[in-house]
Amino acid sequence: MSDVERACELGATGGPNAFSCITCSDEGRPARIHELDEATGLAFCEDEDGRCEEADVSLVAPVQVGDTVLVHAGVALVRL
Numbered sequence: 075m076s077d078v079e080r081a082c083e084l085g086a087t088g089g090p091n092a093f094s095c096i097t098c099s100d101e102g103r104p105a106r107i108h109e110l111d112e113a114t115g116l117a118f119c120e121d122e123d124g125r126c127e128e129a130d131v132s133l134v135a136p137v138q139v140g141d142t143v144l145v146h147a148g149v150a151l152v153r154l
């Protein structure tokens, strides 16, 4: 089990729902970085369902095109 999976299981949700926010109940989504602007810390990402969004990746830098990150509310929280 990875550190991320372990942290999610033991997180504040009290269960194995790894990607659910306890504040707003939205789910974080794994997304692959397709374009990256290192100067602004913003990336154009696509999730597993083909949805595209811009995400702030400055919290998980350094990242590169092709990396997968967990995105919640427009912010990448962890590299997967």
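So in my numbering, spot 47 of the sequence shown is number 121, and the numbers just go up one at a time.
C-beta atoms are modelled at their ideal positions from N, C-alpha and C, and glycine is treated no differently.
- PRO104 - partner residues in DSSP beta bridges: Along the sequence shown, one-based indexing puts residue 104 at 30. Partner(s): LEU144.
- Quick one: is VAL139 buried, meaning 16 or more other Cβ sit within 10 Å of its Cβ, or exposed? Position 65 of the sequence shown, counted from the start, is the residue given in the question as residue 139. Classification for VAL139: exposed.
- Message: Taking the alpha-carbon of ALA129 as reference, which of LEU110, ASP141 and VAL149 has the nearest alpha-carbon?
- Response: Counting from one through the sequence shown, the residue named residue 129 turns up at place 55. Looking at the Cα atoms, VAL149 is the closest of the given residues.
- Query: Where does the unbroken beta strand (DSSP E) through VAL139 begin, and where does it stop?
  - Reply: In the sequence shown, residue 139 corresponds to position 65, counting from 1. Counting along the chain, VAL139 falls outside any beta strand (DSSP E), and DSSP gives it neither H nor E.
- Span separating the alpha-carbon of GLU109 from that of ASP141: Residue 109 sits at position 35 when you count from the first residue of the sequence shown. Residue 141 sits at position 67 when you count from the first residue of the sequence shown. Approximately 10 Å between the Cα atoms of the pair.
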